[in-house]
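Undergrad:
Chains as they are written, first to last, in our numbering: chain B, 1 to 308; chain D, 1001 to 1141.
1) Measure the C-alpha to C-alpha separation of residue 260 of chain B and residue 65 of chain B and round it to an integer number of angstroms.
2) With DSSP collapsed to three states, give me the class of residue 195 of chain B.
3) Candidates B:114, B:232, B:192, B:245: which alpha carbon is nearest residue 1064 of chain D's?
4) With residue 1079 of chain D and residue 132 of chain B assumed to form a contact (beta carbons below 8 Å), what rounded beta-carbon distance in angstroms separates them?
5) Using the three-state DSSP reduction, which class does residue 1109 of chain D fall into: helix, strand or coil?
6) Under DSSP, the alpha helix (DSSP H) around residue 253 of chain B begins and ends at which residues?
7) DSSP three-state call for residue 3 of chain B: helix, strand or coil?
8) Output yes or no for whether 8 Å exceeds the beta carbon distance between residue 1015 of chain D and residue 1042 of chain D.
9) Which residues, in chain order, does the segment 130-146 of chain B contribute to contact with chain D at a C-beta distance below 7 Å?
10) Please check the pair residue 1082 of chain D and residue 89 of chain B, which I expect to be a contact at CB under 8 Å, by giving their CB distance rounded to whole angstroms.
11) Along the segment 1109-1123 of chain D, where does the CB come closer than 9 Å to a CB of chain B? Name the residues.
12) Under DSSP, the alpha helix (DSSP H) around residue 41 of chain B begins and ends at which residues?
13) For residue 1120 of chain D, count neighbouring C-beta atoms within 10 Å of its own C-beta (all shown protein chains included) and say buried if the count is 16 or more, exposed if not.
14) Give a yes or no on whether the minimum CB-CB distance between residue 1021 of chain D and chain B is below 8 Å.
15) Tell whether a beta-carbon distance below 8 Å holds between residue 124 of chain B and residue 179 of chain B.
16) Which partner residues does residue 1057 of chain D have in the DSSP bridge list?
17) What are the start and end residues of each continuous alpha helix (DSSP H) run of 4 or more residues lying completely inside the segment 33-97 of chain B, in chain order?
18) Would you kindly work out how many angstroms separate the C-alpha atoms of residue 33 of chain B and residue 201 of chain B, rounded to a whole number?
19) With a threshold of 8 Å between beta carbons, is residue 1052 of chain D in contact with chain B?
20) Alpha carbon to alpha carbon, how far is residue 1125 of chain D from residue 1031 of chain D?
21) I'd like to know whether the C-beta atoms of residue 284 of chain B and residue 238 of chain B end up nearer to each other than 8 Å.
22) Strictly under 8 Å for the Cβ-Cβ distance: is residue 1102 of chain D near chain B by that measure?
23) If you draw a straight line from the C-alpha of residue 266 of chain B to the C-alpha of residue 243 of chain B, how long is it?
24) Excluding the 5 residues flanking residue 1073 of chain D on each side, which residues of the same chain have their C-beta closer than 7 Å to its C-beta?
25) Distance check for residue 224 of chain B and residue 296 of chain B, CA to CA, integer angstroms please.
26) Applying a beta-carbon distance threshold of less than 7 Å, which residues of chain D neighbour residue 20 of chain B?
27) Would the segment 10-17 of chain B count as touching the segment 1005-1023 of chain D if we require 3 or more Cβ pairs under 8 Å?
28) Let me see if you follow: with CB-CB separation under 8 Å, is residue 308 of chain B close to chain D or not?
29) Comparing alpha-carbon positions, which option in D:1097, D:1067, D:1040 lies nearest residue 104 of chain B?
30) Is it true that the CB of residue 118 of chain B sits closer than 8 Å to the CB of residue 193 of chain B?
31) Please return the same chain residues whose Cβ sits closer than 8 Å to the Cβ of residue 301 of chain B, not counting the five positions on each side in sequence.
32) Output the distance between the C-alpha atoms of residue 309 of chain B and residue 1012 of chain D, rounded to the nearest integer angstrom.
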């Protein structure tokens, strides 16, 4: 397909289908994230960058024969490699025997949170998640510095940018009804993540998706009045600092880094508090990074349009 | 169970190879990024399908259920998806900057421009007189 618009739409559908497949494989949290990220934000970012780089692909000058050969040989080798793997769904496969039973059997007593995914994410593997949040933050900084706003555009930013969809009254009215529900749902996902599927990562993405919907329908200027760029950029760092700060507080109270048990007299309560705070940090960073990235991309598109 | 019990890995391999093919056989940088995305989801499926236990349920503890799927791959992949979108955004912004600098996002156009630039640089380094001779030769080549 030469039309990249169709390609991006197809990849969005692909993401949605893979989300339902994840659901079928019992990975509810993963399905949640994939649906919000893959079908929502990633498709949008792709479309925004298509607007900047052009919609149609040139005719390729490569000969596909060699690439096809490499791919087929690699695929055959990988399939040969799978012959030693355990069968699908076996309960006594090596992956199921090592740490997973401990998480499933002991996490209720140690952490007191029914959703095992949340307790592993925020507590058992808290270091790992801190690393991931820092990666998200770093990628956000990377996008900010790559799509830096020059002085010229700062002057332009004083002028109002009208919304493209001003005429779409039905969409605007429906979106006004849906927006509070989306934001409320994001908060529910954020704070109910201990008991059901959800958590900071999903909530951040859903919150950002709500803001992005608002931006698309009511224009960049309106939305930047509410969510000022400087403040959002600060918030990306605030989330990481909350996460790291909880770890440091744990150290001051006599525990290890990110060992929440010392936060309260009762270790289980301490874990609860720690997970809540840490997930809040994750949510803030993820939401603000997504919003900032989206603003940067839209600002580029708008700028281009006004130059022409 | 026979060899067909391995089908989840084969789906992963097929998806992975589709992504790999898109990355190496297409010139358009946006398509390459989409290909990388497909490659990435194939790895996600690999992890999640390893964690699946037949007859198990989602790992949210409840007294009604005894058998749960492995929660550890879920944690790893859940964070990987969000990190994936952040790095994809980084890649897309690189593509946008490449478009602004080169006026194209096709790999061969970019390489052709780079070769021309290098030629000009080396011509300047050798001095203009020498460069004129060189450029004639190189253009003929």
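Just so you know, even glycine gets a beta-carbon here, dropped at the ideal spot from N, CA and C. Note that the structure is predicted; figures quoted are calculated from it, not measured.
TA: The answer reads as follows:
1) Locating residue 260 of chain B in the first chain gives position 260, where the first residue counts as 1. Locating residue 65 of chain B in the first chain gives position 65, where the first residue counts as 1. The straight-line gap from Cα to Cα measures roughly 56 Å.
2) For the purposes of this step, residue 195 of chain B is identified with residue 195 of the first chain, where counting begins at 1. Here residue 195 of chain B sits in coil by DSSP.
3) Sequence index remark: in the second chain, residue 1064 of chain D carries index 64 (1-based). Closest option to residue 1064 of chain D, Cα to Cα, is B:114.
4) Counting from one through the second chain, the residue named residue 1079 of chain D turns up at place 79. Counting from one through the first chain, the residue named residue 132 of chain B turns up at place 132. With a Cβ gap of about 4 Å, residue 1079 of chain D and residue 132 of chain B count as contacting.
5) Taking the second chain and counting its residues from 1, the one referred to as residue 1109 of chain D is at position 109. Correct three-state label for residue 1109 of chain D: helix.
6) The residue you call residue 253 of chain B lines up with position 253 of the first chain. Note, residue 253 of chain B: premise wrong, no alpha helix (DSSP H); not H, not E.
7) Walking along the first chain from the start, residue 3 of chain B turns up at place 3. Strand.
8) Position 15 of the second chain holds residue 1015 of chain D. Position 42 of the second chain holds residue 1042 of chain D. It is a contact, given that the beta carbons lie within the stated cut-off.
9) 132, 135, 136, 139, 140, 142, 143, 146
10) Working through the second chain from its first residue, we reach residue 1082 of chain D at position 82. Working through the first chain from its first residue, we reach residue 89 of chain B at position 89. Actually they are not in contact, since the Cβ atoms of residue 1082 of chain D and residue 89 of chain B sit about 27 Å apart, beyond 8 Å.
11) 1109
12) For the purposes of this step, residue 41 of chain B is identified with residue 41 of the first chain, where counting begins at 1. Segment: none, residue 41 of chain B is in no alpha helix (DSSP H) and carries neither H nor E.
13) Position 120 of the second chain, counted from the start, is the residue given in the question as residue 1120 of chain D. Result: exposed.
14) Here residue 1021 of chain D is taken as the residue at index 21 of the second chain, counted from 1. Yes, because at least one Cβ of chain B sits closer than 8 Å to the Cβ of residue 1021 of chain D.
15) Sequence index remark: in the first chain, residue 124 of chain B carries index 124 (1-based). Sequence index remark: in the first chain, residue 179 of chain B carries index 179 (1-based). For residue 124 of chain B and residue 179 of chain B, no; Cβs fall outside 8 Å.
16) Position 57 of the second chain, counted from the first residue, corresponds to residue 1057 of chain D. Answer is D:1068, bridged to residue 1057 of chain D.
17) 43-53, 64-82, 94-97
18) Position 33 of the first chain holds residue 33 of chain B. Position 201 of the first chain holds residue 201 of chain B. Cα to Cα, the separation comes out at about 7 Å.
19) One-based indexing of the second chain puts residue 1052 of chain D at position 52. Closer than 8 Å: yes.
20) On the second chain, residue 1125 of chain D is found 125 positions in, with the first residue counted as 1. On the second chain, residue 1031 of chain D is found 31 positions in, with the first residue counted as 1. Near 37 Å, if we compare the C-alpha coordinates of residue 1031 of chain D and residue 1125 of chain D.
21) Here residue 284 of chain B refers to the residue found at position 284 of the first chain. Here residue 238 of chain B refers to the residue found at position 238 of the first chain. Contact flag set, yes.
22) What you label residue 1102 of chain D is simply residue 102 of the second chain in a count that begins at 1. No, residue 1102 of chain D does not count as interfacial toward chain B.
23) Translated into the one-based positions of the first chain, residue 266 of chain B becomes position 266. Translated into the one-based positions of the first chain, residue 243 of chain B becomes position 243. Approximately 21 Å, taken between the alpha carbons.
24) As a working mapping, residue 1073 of chain D is identified with position 73 in the second chain. Cβ within range, chain order: 1047, 1048, 1050, 1051.
25) Here residue 296 of chain B refers to the residue found at position 296 of the first chain. Here residue 224 of chain B refers to the residue found at position 224 of the first chain. Each residue's Cα considered, the two are about 11 Å apart.
26) Reading the first chain from its first residue, position 20 is the one you call residue 20 of chain B. Correct list: empty, because the minimum Cβ distance to chain D is about 13 Å.
27) no
28) Sequence index remark: in the first chain, residue 308 of chain B carries index 308 (1-based). The predicted position of residue 308 of chain B is uncertain, since its pLDDT is 46 and thus under 50; no value can be drawn from it.
29) The sequence position of residue 104 of chain B within the first chain is 104, counting from 1. Among D:1097, D:1067, D:1040, the Cα nearest to that of residue 104 of chain B belongs to D:1067.
30) Looking up residue 193 of chain B in the first chain gives position 193. Looking up residue 118 of chain B in the first chain gives position 118. Taking 8 Å as the Cβ cut-off, residue 193 of chain B and residue 118 of chain B qualify as a contacting pair.
31) Stepping through the first chain from its first residue, residue 301 of chain B is reached at position 301. Same-chain partners within the cutoff: 48, 51, 52.
32) No answer is possible for residue 309 of chain B: it lies beyond the span of chain B, which begins at 1 and ends at 308.
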